[in-house]
Amino acid sequence: MQLKSPCLFLLLVVLFSTLLLSSRSTSEPLVPEAEKTSSFLMMNDTCTGSLGENIFEDGDFGRGATNILPNDPGIAPDYSYVTFGPPQDGSYTITNATGAWPGLFPTWIDLQDNSSSPDGYMMVVNASFSPGVFYRQQITGLCENTLYEFSADVANLIAQGVTGHIFPNVSFFINDEEAFTTGNVPQTNDWNTYGFTFITDPGTTSLTLSIRNNAPGGIGNDLALDNITFRPCGPDAVITPVGINFVCLDNDPVTISAEVFNSPFAQDFIQWEISTNGGQSWSVIPGASDLSYIITDFASGTYLYRFQLAASPENLNNDKCRVLSETATIIVVPLEYSVTDTICAGASYSVGNSAYTASGIYVDSLISTIGCDSIVTLDLTVVPDPNIMADISVIPPACASDGTGSINITAVRNGSPPYEYQLDDLPPQSQRSFNQLDKNSYTLTIRDRFGCSGVQTVEIPVPPALEVDLGEDISLALGESTVLSAVSNYQNLQYQWSPADVLDCETCSRPNLLPLEDQVIVLEVTNEFGCTATDSIRVVVSKDYPIYAPNVFSPNDDGINDFFTIYARSNAVTDIQKLMIFDRWGKILFERSNIPVNSEIDGWDGFVNGKLAASGVYVFVADISFIDGVVRQHAGSVALIQ
């Protein structure tokens with residue numbers, strides 16, 4: 008036997024070195040109790056060998072016909088459950104698609120449940136402002152002293168390319184002990200799978216899984232969770248021959264073999280299984296517990312084989328402790344086929360190199376690629392095209408591109424049921440309804456049981472997309488204000504402006520803007536149908552802090568330049584914190600605080616101690632406070648003329 012990973016083998020040997028032989032008890036610990044500090048042994052990596060069946064069936068959140076699960080599943084102790092989307096901060100919901108929500112945040116992605124089922128659910132979480140647990144469940148039916156792999160799919164709901172948003176950061180806890188942390192979940196517009204392995208302690212048959220969001224809420228930190236799995240993990244269990252294998256009905260016996268690589272077990276115990284329904288269910292083959300199994304009795308059909316693998320007979324009988332090999336498929340080709348079928352006029356039925364288009368009974372001799380001789384008898388009936396037609400009802404979407412439109416087929420005429428329905432190039436389906444539509448025109452194809460088809464064009468009246476335009480970016484001087492307005496193709500809108508601290512009204516159609524710094528102003532409008540649109544503009548605030556101080560004044564009481572003060576744009580200055588006048592030797596002649604800007608009477612009148620100062624040049628220093636909190640000091644000289 009060739010070892011695929013010597014390092015992994017040595018690690019697993021150490022971990023399992025205290026396992027007893029097949030006659031020993033499975034409750035003996037893998038690691039001495041004195042060396043343990045937690046209720047499980049972490050290994051950090053995902054399973055590199057074979058896995059068993061998932062023992063945590065609730066981890067995919069189930070499935071349902073409605074977009075949002077109507078009942079609170081009670082799985083998030085620190086969060087509230089909502090039955091609408093998108094959830095707000097500190098709440099979560101169970102849904103099959105975020106794209107079906109009319110009010111989906113513009114920064115969120117249109118994400119579907121991470122499975123092949125269109126009705127599968129996922130958990131969508133809008134993080135609380137404080138980190139906390141958003142998922143907690145107890146898992147039972149575990150086996151002691153067993154290596155398990157945990158895995159989960161996590162998606163960052165913020166779209167790729169969006170900046171300035173917090174990344175989700177998630178930790179997984181087992182029995183309130185941190186086992187694994189994702190780090191920042193990237194903005195990939197898709198699912199990311201995280202996992203780790205751990206070994207249960209002796210006597211451990213259940214545990215509590217908790218998932219904690221480490222990052223704070225606010226802008227971003229929105230995530231989706233799906234496909235939480237717990238599986239037994241073991242060595243590589245390989246079956247040969249691999250893949251799909253064809254044999255003839257009169258074939259010699261076929262041997263399939265089990266190979267186990269990197270096994271830490273003292274002895275490998277196996278049990279062969281067979282499935283005759285494509286893997287939907289499996290049956291144990293009695294007595295088939297050797298490394299090889301010989302197939303001697305052939306009957307036409309498709310057979311799947313695999314083997315169970317465990318460290319002991321007890322574990323082999325417990326589906327929570329054993330792992331499963333990969334699958335080998337044996338297809339037994341029959342000697343004779345009898346086929347009865349009906350096709351629609353204009354179609355053909357192929358048998359080997361022959362194609363038949365008329366009703367009749369046909370016999371063909373075939374030799375398959377593996378050399379099996381077969382005789383095919385075809386009883387073919389060709390029916391005329393019945394001109395299939397459908398009665399259709401249409402529900403238009405409330406908003407353009409919101410995916411709330413639907414096409415419902417109320418009746419089908421002229422064909423032979425059951426019917427298959429296909430919309431454009433989407434996969435065919437048996438349901439009569441198509442939802443989450445937002446285009447104007449679709450091609451509907453209906454096929455009956457004989458392959459006859461009818462094609463119709465279905466028009467959906469899609470409303471124009473709601474648009475809003477704030478115009479060009481704005482440049483203002485400090486202290487200047489302006490009235491904002493928007494142009495839209497809809498009337499009767501609701502307005503929501505932000506940020507609120509620079510506007511006199513958040514919900515007005517024309518708010519007054521007085522910015523103190525450069526700002527990005529965002530407007531979200533909502534029409535009467537609940538459709539939303541956003542636009543933004545950048546406001547640049549010029550801060551030249553203009554100040555004017557005269558260089559001469561004449562306090563002769565003639566009403567002209569009788570006072571000295573500081574002048575500036577009144578809408579940019581709060582006040583003059585302090586104005587001081589000095590003579591040429593530095594003596595303070597005048598000092599006053601909190602002077603209104605441009606107020607001459609509050610300035611210096613030229614008098615000192617009740618007497619008019621002598622003509623000459625004096626020095627002034629002024630501290631001016633502006634509305635953005637900046638204080639500028641301005642100094643200079645002024646000539647007093649009597």
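For what it's worth, the working numbering labels the leading residue of the sequence shown as 8, then goes sequentially.
Here a beta-carbon is modelled for each residue, glycine too, at the ideal position from N, C-alpha and C.
Small disclaimer: the values here were computed from a predicted structure and weren't measured.
{"query": "Looking at the strands, I want to know which residues DSSP matches up with G308.", "result": "V339"}
{"query": "Grab me the residues of A646's own chain with a C-beta within less than 6 Å of its C-beta, minus the 5 sequence neighbours each way, in chain order.", "result": "V559, V624"}
{"query": "What is the rounded straight-line gap between the Cα of T347 and the Cα of P435?", "result": "24 Å"}
{"query": "So which of F536, G353, E513 has the shortest CA-CA distance to A403?", "result": "Strictly speaking, residue 403 in this sequence is Pro, with Ala absent from that position. For P403, the nearest C-alpha among the options comes from F536."}
{"query": "Under a Cβ-count criterion, where at least 16 other Cβ atoms within 10 Å of its own Cβ denotes burial, should F136 be classed as buried or exposed?", "result": "exposed"}
{"query": "Would you mind working out which of V546, G566, I583, N534 sits nearest Y555, comparing C-alpha positions?", "result": "I583"}
{"query": "When every heavy atom of the ligand MG is checked, does at least one fall within less than 7 Å of the C-beta of C351?", "result": "The ligand MG is not part of this structure, which contains no ligands at all."}
{"query": "Taking 8 Å as the threshold (beta carbon to beta carbon), is S355 in contact with chain D?", "result": "Among the protein chains of the structure shown there is no chain D, as only one such chain exists."}
{"query": "Kindly provide the ranges of any beta strand (DSSP E) runs that are 3 or more residues long and lie completely inside the segment 102 to 180, ordered along the chain.", "result": "129 to 133, 139 to 147, 154 to 163"}
{"query": "To which residues does DSSP link W611 through a beta bridge?", "result": "F571"}
{"query": "What is the DSSP secondary structure of G66, reduced to helix, strand or coil?", "result": "helix"}
{"query": "By the DSSP assignment, the beta strand (DSSP E) with E479 in it spans what residues?", "result": "Premise fails: E479 is in no beta strand (DSSP E) and is neither H nor E."}
{"query": "On the criterion of 16 or more Cβ atoms from any shown chain inside 10 Å, does C512 qualify as buried, or is it exposed?", "result": "exposed"}
{"query": "Whose CA, out of R238, I453, G593, lies closest to the CA of Y3?", "result": "Given that the chain is displayed from residue 8 to residue 649, the structure contains no residue 3 and the question cannot be resolved."}
{"query": "Are three or more beta carbon pairs between the segment 303 to 319 and the segment 271 to 285 nearer than 8 Å?", "result": "yes"}
{"query": "Any idea which residues DSSP pairs S345 with across the strands?", "result": "T384"}
{"query": "Looking at C-beta atoms only, is the number of pairs between the segment 75 to 93 and the segment 51 to 61 that lie closer than 8 Å three or more?", "result": "no"}
{"query": "Rounded to a whole number of angstroms, what is the C-alpha to C-alpha distance between N616 and P518?", "result": "51 Å"}
{"query": "Using 10 angstroms around the beta-carbon of A507, count the other beta-carbons present and answer buried if the total reaches 16, otherwise exposed.", "result": "exposed"}
{"query": "Give the range of the alpha helix (DSSP H) segment to which E321 is assigned.", "result": "320 to 323"}
{"query": "Going by C-alpha to C-alpha distance, which of S448, G378, V462, G353 sits closest to D398?", "result": "V462"}
{"query": "Taking DSSP's pairing of strands, which residues face R650 in a bridge?", "result": "One cannot answer for residue 650 here, as it falls past the ends of the chain, which runs 8 to 649."}
{"query": "Can you tell me the Cα-Cα spacing of S319 and G110, whole angstroms?", "result": "56 Å"}
{"query": "Hey, how far is the Cα of R545 from the Cα of L530?", "result": "12 Å"}
{"query": "Just list the residues that DSSP pairs G461 with in beta bridges.", "result": "I453"}
{"query": "Buried or exposed: which applies to G636, given that a residue is buried once 16 or more other Cβ atoms fall within 10 Å of its Cβ?", "result": "exposed"}
{"query": "Please determine, among F597, A166, G458, the residue with the shortest C-alpha to C-alpha distance to L619.", "result": "F597"}
{"query": "Roughly how many whole angstroms lie between the Cα atoms of G171 and I226?", "result": "8 Å"}
{"query": "Is the segment 180 to 191 in contact with the segment 228 to 242, if contact means three or more CB pairs nearer than 8 Å?", "result": "no"}
{"query": "Give the secondary structure of A362 by DSSP, where H, G and I count as helix, E and B as strand, and everything else as coil.", "result": "strand"}
{"query": "Name the two residues that bound the continuous beta strand (DSSP E) containing P239.", "result": "229 to 239"}
{"query": "Going by CA-CA distance only, name the one from S213, V626, G458 that's closest to T388.", "result": "G458"}
{"query": "Can you tell me the Cα-Cα spacing of V638 and N220, whole angstroms?", "result": "43 Å"}
{"query": "Between the alpha carbons of V548 and A405, how many angstroms are there, rounded?", "result": "40 Å"}
{"query": "When burial is assigned at 16 or more other CB atoms within 10 Å of the CB, is V532 buried or exposed?", "result": "buried"}
{"query": "Within 10 angstroms of the Cβ of P293, are there 16 or more other Cβ atoms? Answer buried if so, exposed if not.", "result": "exposed"}
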